[in-house]
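Q: Chains A and B supply the protein sequences, listed in that same order.
Numbering of the first sequence is given in our numbering, commencing with residue 2 and proceeding in unit increments.
Numbering of the second sequence is given in our numbering, commencing with residue 5 and proceeding in unit increments.
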Amino acid sequence: MTQPATDPDLRSSRFTAVTVLGIGLLALMVAGLLSGAVAAGPTDLFHMLARRLGLTDDPERLTDSVLWAIRLPRVLSGAVVGAGLGVAGAALQGTFRNQMADPHLVGISPAAGLGAVAGIALTPVGGPPLIMMVGAAVGGAAVALLMRRIAKRVIESNQFILVGLALGLAMLAWLGAIVLAWDSPRVPTFTFWVFGGLAGSTWSALAAGAPLVAIGVTIVAASARSLDLLALGETEARHVGVEVDRVITVILVGVGLAVGGAVGLGGAIGFVGLIVPLVLRRWIGPTHKWLLPASALGGAAMVVAVDILARTVAAPIEIPVGLFTAILGAPVFVWFLMRVGRSRS
Amino acid sequence: MKPAVRGQAITYRRGAAVLLDQVDLTTDPGEILGIVGPNGAGKTTLLRILAGDLVPSTGHAWVQDADASRATLLELAQLRAYLSPKGVSENPFTVRDTVAMGRHPHRRAMMDAQEHGAIVESAMERTDIIHLASRVMSSLSTGEQQRVGLARVIAQETPVLLLDEPTSALDIGHQEKVMRVLRSLAGEGTAIIVILHDLNLAAAHSDRIMLLNASAAIATGTPSEVLTSESLTSVYRQPMKVVTHPHRDCPLVLTVDSPDRSR
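Quick look at the structure:
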């Protein structure tokens, strides 16, 4: 494998970034476990872990069940959702050579939502969440591949985003119509499909969603070098030997799996896949071998952090996670659009 | 000597339009073949067929022993490099990383990172972009990006170079410099097919020239055989005069006014 010679300061910033993001993620996950209506401190956390590992015969405390059954799956789901969205965003931006691409903005998350609802409809009452997750992945991958066909016809990058937005809004409308008309307790609320939420996190959902995200992320990561070469342009990448059509199809299926798992777990959370790679690319450069793992860590840290805000700011009322990511992310998106507009004029 | 590139009766149709009609061509190792002709003559279509991007409707194209429309992309990438006239503006990589991407077809070669790196540095030196090495591609001017593209195809180290207007965005100094680089690559045995709009650049630096017009190769030969007042005047629909270059052993092409106005 040829590795381009890179500046030493970029190399050290990559190491710093991965270390900082990794430690930050761990710290945020602990903070997430310890925040909420039932007070829990580090000793309660150790108590729960010790009991779970069979290291103590102490009687069960209230915090044990809160930490194990409610907060741990929630924090882990947040991390998995964020990692999936971060990697999906970086992969979409690389594939479409468009730094504004994001699973939410180009319609992949709404499609995953539609697929998830279709999956729920196909699941027998009391059945496993896996069918819903697979439905989400199929929906996400289908629209990711559709956007690839659209990208072949649309040259202007802003136009591509607008097409994705319009497609996403239409699918969201269908989703809303179905969810509201169906009105079943088996289907999460419309708010969940528009702005996400991790309140319903369970171990069984995590056991179905996390492997999908992991497989999707692995598929994308295996194409890291091809994603670099796509920056040359598709024709040029082909000229240096990249099987462009096959590689992009594989990447987009990986994106579909990652976004499907993420949407199945946390609903549609926007802007994570947009901002995280955008910021990290400026910090550690565009090489995907580093950008993808860093985006996984950064996305996970962002969703875990925002989820803490979502359940504490107006406690006991929960604010949907996606509202916060939109409040943070939309201005960044606007700033980026303005900056691109200025540099072109 | 076995030709490095061979095209046999290449015809390319799209719908009812015939974009290339029975074009034959050969290029030997160490030779520079210039392709000239007016807009829409079929120059880029021909180059893309030789590159394996387009499959000819009838006829064949070979790069060394590989059939361009059958070989895998990786096989072709080890045999020919291709430079298109405009680069990609949104590339977030640095110049050095971009040039290093030309090494991709050789990533499994028995070669360590330092050898790959040395080839990348030497390609950047040849194209006069060492001072830009750490700059991000999207911050460069069009001409600078074009020189990076040339460095990338040089770093690809293929026996055949297919270049579509490699000098279109360059100032006159860099145009001549690029043509000298091509001559030195040819001296190392590379076969080069280059589309040029500037007839004098083609006249001064090509071993042979192919003149395309309306989908057909109407002449192929040395610059002084192909570039004549009569052929150019009729092909370009513009009165032309070809004289001998006062300082170089090649034709010099001049545009002149129509006879009725020149009197």
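Glycine is no exception: its CB is placed at the ideal position from the N, C-alpha and C atoms.
Against chain B, does A:L279 count as a neighbour if the rule is that its beta carbon must be under 8 Å from one of theirs?
A: no
Q: Give the single residue among B:L174, B:D202 and B:A81 whose Cα lies nearest to the Cα of B:E148.
A: B:L174
Q: Just how far apart, CA to CA, sit A:A113 and B:T15?
A: 46 Å
Q: Just the C-alpha distance for B:R267 and B:V40, rounded to the nearest angstrom, thanks.
A: Low confidence applies here, because B:R267 scores a pLDDT of 45, under 50, leaving its location unreliable; read the following figure in that light. Each residue's Cα considered, the two are about 30 Å apart.
Q: What is the DSSP secondary structure of B:R212, reduced to helix, strand or coil?
A: strand
Q: Candidates A:I109, A:L27 and A:E237: which alpha carbon is nearest A:L166's?
A: A:I109
Q: If we call anything under 8 Å between Cβ atoms a contact, is A:L140 one with A:G177?
A: Sequence check: residue 140 of chain A is Gly here, not Leu. No. Outside cutoff.
Q: Where DSSP assigns a beta bridge to B:W66, which residues make up the other side?
A: B:R10 and B:D71
Q: Cβ of A:V1 less than 8 Å from any chain B Cβ?
A: With chain A running from 2 to 346 in the structure shown, residue 1 of chain A is simply not present.
Q: Look up B:M244 in the DSSP assignment and give the residues it is bridged to.
A: B:T259
Q: Just to confirm, are A:Q94 and A:P278 a CB contact at a threshold of 8 Å?
A: yes
Q: Going by beta-carbon coordinates alone, are B:T171 and B:D202 separated by less than 8 Å?
A: yes
Q: Please name the residue in A:G90, A:G169 and A:A119 whose C-alpha comes closest to that of A:W347.
A: In the structure as shown, chain A begins at 2 and stops at 346. Residue 347 of chain A is therefore absent and cannot be evaluated.
Q: Pairs of beta-carbons, one from the stretch 237-254 of chain A and one from the stretch 135-154 of chain A, closer than 8 Å: are there three or more?
A: Contact holds between the stretch 237-254 of chain A and the stretch 135-154 of chain A, because three or more Cβ pairs, one in each stretch, are under 8 Å apart.
Q: Looking at the secondary structure, which residues open and close the alpha helix (DSSP H) in which A:T192 lies?
A: It spans F191 to F196 - the alpha helix (DSSP H) in which A:T192 sits, taken as one unbroken run.
Q: So if I threshold CB-CB distances at 7 Å, which residues from the stretch 83-117 of chain A count as touching chain B?
A: R98
Q: Please report the residue range of the beta strand (DSSP E) in which B:G38 lies.
A: Segment I36 to V40, the beta strand (DSSP E) holding B:G38.
Q: For A:L275 versus A:F334, is the C-beta distance shorter than 8 Å?
A: yes
Q: Looking only at its chain, what residues have a beta carbon closer than 6 Å to the beta carbon of A:R345, apart from the 5 residues adjacent to it on each side?
A: Note that A:R345 scores 42 on pLDDT, short of 50, meaning its location in the model is unreliable; the coordinates nonetheless yield the value given after this. Within the same chain, A:R345 has no close Cβ partners at all.
Q: Are B:A136 and B:L144 close, meaning C-beta to C-beta below 8 Å?
A: In the sequence on display, residue 136 of chain B carries Leu and not Ala. Yes, they are a contact pair.
Q: What residues are listed by DSSP as bridge partners for B:R84?
A: B:V164
Q: From the DSSP secondary-structure annotation, give me the bridge partner or partners of B:N217.
A: Residue pairing by DSSP puts B:N217 in a beta bridge opposite B:A220.
Q: Give me the residue from B:M214, B:A207, B:E161 and B:L205 with the minimum Cα distance to B:G193.
A: B:E161
Q: Taking the alpha carbon of B:V22 as the point to measure from, which residue in B:T49, B:H120, B:A206 and B:E125 has its own alpha carbon closest?
A: Relative to B:V22, the option among B:T49, B:H120, B:A206 and B:E125 whose CA is nearest is B:T49.
Q: Checking contacts by CB at 8 Å: is A:T236 closer than that to chain B?
A: yes
Q: Check the C-beta distance from B:T259 over to B:V246 and give it rounded, since I have them as a contact under 8 Å.
A: With a Cβ gap of about 11 Å, B:T259 and B:V246 do not count as contacting.
Q: B:L29: buried (16+ other C-beta within 10 angstroms of its C-beta) or exposed?
A: Taking a 10 Å sphere around the C-beta of B:L29, we find 16 or more other C-beta atoms and assign the residue as buried.
Q: Let me make sure I understand the geometry here. Which of A:L228, A:L181, A:L163 and A:L324 has the alpha-carbon closest to that of A:W291?
A: Looking at the Cα atoms, A:L228 is the closest of the given residues.
Q: Can you name, in chain order, every residue of its own chain whose Cβ lies under 8 Å from the Cβ of B:S235, other than the five neighbours on each side?
A: L215, I222 and A223
Q: Alpha carbons only, please: which of A:F272, A:L170, A:V248 and A:T219 is nearest the one belonging to A:L324?
A: A:F272
Q: Mind listing, in chain order, the continuous alpha helix (DSSP H) runs of no fewer than 4 residues lying wholly within the stretch 30-73 of chain A?
A: The stretch 30-73 of chain A contains these whole alpha helix (DSSP H) runs: 43-53 and 63-66.
Q: Strictly under 8 Å for the Cβ-Cβ distance: is B:V9 near chain A by that measure?
A: no
Q: Can you give me the start and stop residues for the alpha helix (DSSP H) that A:D308 sits inside?
A: Element bounds for A:D308: H289 to T313.
Q: Just curious, the beta strand (DSSP E) that B:I196 is in, first and last residue?
A: A195 to I199
Q: Compute the beta-carbon to beta-carbon distance between A:A84 and A:A301, rounded to the nearest angstrom, for a pair I have assumed lies under 8 Å.
A: 4 Å
Q: Any beta-carbon of chain A closer than 8 Å to the one on B:E94?
A: yes
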